[in-house]
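Undergrad: With the UniProt record's numbering applied, the sequence shown covers 1 to 294. For glycine and all other residues, C-beta sits at the position ideal for the given N, C-alpha and C. This one's a predicted model, so the numbers in the text were calculated from it and none came from an experiment.
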Amino acid sequence: MHLNQLEFFIAVAQHGQINRAAEELLISQPALSRQISALEKSVGAPLFERHSRGVSLTKAGEILHEEALRTLSRMQSVVDEIQSGEHLITSIKIGVPPGIPIDWLRTQLIDLGPEIRISLIESPTDDQLKLLKQRELDIALCRRQSEAFATTLVHKQELGIVIRCDSELHQQLVGRDNATLFDLEGLRVLAHSRGEVRIQEEILKNAMLAAGVNATWIFRKFGQYSSLIADLVKADVALTTEESARTNFPSWRWVPLEAEDASGNDLIVRTWITWNPQPSPAVRDLIQKFIDAI
1 MHLNQLEFFI AVAQHGQINR AAEELLISQP ALSRQISALE KSVGAPLFER
51 HSRGVSLTKA GEILHEEALR TLSRMQSVVD EIQSGEHLIT SIKIGVPPGI
101 PIDWLRTQLI DLGPEIRISL IESPTDDQLK LLKQRELDIA LCRRQSEAFA
151 TTLVHKQELG IVIRCDSELH QQLVGRDNAT LFDLEGLRVL AHSRGEVRIQ
201 EEILKNAMLA AGVNATWIFR KFGQYSSLIA DLVKADVALT TEESARTNFP
251 SWRWVPLEAE DASGNDLIVR TWITWNPQPS PAVRDLIQKF IDAI
């Protein structure tokens, strides 16, 4: 069976007459009839019923016709891809957490060459790790280390608070570069109910308790309507990174929070690059670019 025989077969099925199909294909009617007979011999079943008005598909012909259309369509797609150079493109799918610094990410992804196509999928760490396991991601940028995959720390962000510009706390912090735990005394603090900085928030909450600072914690999921949520719950401040603050609280002031965990470490939101074993050369090169930029 040859592809041109399938093309001849489809043309005859479309016209319902061998002579009209032969005219379209620019071959003689006897030559077309021989090709159809050869195809029927190859298949092992008659494909057409001959009658006075022309030909019509048999049951076997209907089955082959449907498959032949799909086959030729796939072949045309392959030809189109080759002609467009699409087969030379390497696609790399990267998971990114909410609040990742755009400028930092852009720096890692520019100048990769026209043969690299990047797809970004914004997703929390747990979801990214599932996609990585399912091979639906090539690289995951996670907010915690994974024991199941290779991983390297590539970025750190300060944790801070956003403050209403008309608030008393905003006036208190005029001229200061950061806030402390004691500045949160008696305030209503909005924090993530789940997500990328929850671990740091829990550490901060414990640090405040240890320091004797009393605050009311309100846990909600951050997103597009974060500032509206803050208004509805009457939050005085919200705990977030600078990048997330720029996106979710554009009219609020962000300041870094000077605080330490129980071990004396600064409260930092960390990002690890995570990947499956045996990445492709292109993925391996991109991973190395992230690591070299540390």
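Between the Cα of H51 and the Cα atoms of E66, E115 and I18, which residue gives the shortest distance?
TA: Counting from one through the sequence shown, the residue named residue 51 turns up at place 51. Of E66, E115 and I18, the residue nearest in Cα terms is I18.
Undergrad: Taking the C-alpha atoms as reference points, what is the distance between I229 and I92?
TA: Residue mapping note: residue 229 aligns to position 229 of the sequence shown, counting from 1. Residue mapping note: residue 92 aligns to position 92 of the sequence shown, counting from 1. I229 and I92: Cα-Cα distance of roughly 36 angstroms.
Undergrad: Are the beta-carbon atoms of W254 and G160 separated by less than 9 angstroms?
TA: If you number the sequence shown from 1, residue 254 lands on position 254. If you number the sequence shown from 1, residue 160 lands on position 160. Taking 9 angstroms as the Cβ cut-off, W254 and G160 qualify as a contacting pair.
Undergrad: With a threshold of 16 other CB atoms inside 10 Å of the CB of L3, please say whether the residue is buried or exposed.
TA: On the sequence shown, position 3 is the one that residue 3 refers to. The residue in question, L3, is exposed, as its Cβ has fewer than 16 Cβ neighbours within 10 Å.
Undergrad: If we count Cβ pairs, one from each stretch, closer than 8 angstroms, do we get three or more for the segment 13 to 33 versus the segment 45 to 63?
TA: The answer is yes - the segment 45 to 63 touches the segment 13 to 33, with three or more Cβ pairs under 8 angstroms.
Undergrad: Between L257 and the rest of its own chain, which residues show a CB-CB distance below 7 angstroms, the 5 nearest in sequence each way excluded?
TA: The residue you call residue 257 lines up with position 257 of the sequence shown. The answer, listed in chain order, is L159, G160, I161, N178, A179 and L267.
Undergrad: Give the C-beta separation of L32 and F48 to the nearest angstrom, bearing in mind that I take them to be a contact with Cβ-Cβ under 8 angstroms.
TA: Along the sequence shown, read from residue 1 onward, the residue named residue 32 stands at position 32. Along the sequence shown, read from residue 1 onward, the residue named residue 48 stands at position 48. Wrong, their Cβ atoms sit about 12 angstroms apart, outside the cutoff.
Undergrad: From what residue to what residue does the alpha helix (DSSP H) around L3 run?
TA: In the sequence shown, the residue the question calls residue 3 occupies position 3. Run containing L3: L3 to H15, per the alpha helix (DSSP H) assignment.
Undergrad: Three or more C-beta pairs under 8 angstroms: does that hold for the segment 269 to 284 against the segment 135 to 153?
TA: Counting Cβ pairs under 8 angstroms, three or more are found: they touch.
Undergrad: Could you give the residue range of the alpha helix (DSSP H) that holds K41?
TA: As a position in the sequence shown, residue 41 is number 41, starting the count at 1. Here the alpha helix (DSSP H) through K41 covers Q29 to V43.
Undergrad: By the DSSP assignment, the alpha helix (DSSP H) with L131 in it spans what residues?
TA: Sequence index remark: in the sequence shown, residue 131 carries index 131 (1-based). Start and end: T125 to K133.
Undergrad: Can you tell me which of the three DSSP states W254 falls into?
TA: Reading the sequence shown from its first residue, position 254 is the one you call residue 254. The answer is strand: DSSP assigns W254 an E or B state.
Undergrad: Quick one: Cα of T240 to Cα of A191, how far?
TA: Within the sequence shown, residue 240 is the residue found at index 240, counting from 1. Within the sequence shown, residue 191 is the residue found at index 191, counting from 1. Between T240 and A191, the C-alpha separation is close to 8 angstroms.
Undergrad: What does the Cβ neighbour count give for I102, buried or exposed, with the cut at 16 atoms within 10 Å?
TA: As a working note, residue 102 is residue 102 in the sequence shown. Label assigned to I102: exposed.
Undergrad: If the criterion is Cβ atoms closer than 9 angstroms, does the pair I218 and A245 meet it?
TA: Working through the sequence shown from its first residue, we reach residue 218 at position 218. Working through the sequence shown from its first residue, we reach residue 245 at position 245. No, they are not a contact pair.
Undergrad: In its own chain, which residues sit with a C-beta less than 6 angstroms from the C-beta of A140, not counting the 5 before and 5 after it?
TA: Sequence index remark: in the sequence shown, residue 140 carries index 140 (1-based). Answer for A140: G95, Q128, L132 and T274, listed in chain order.
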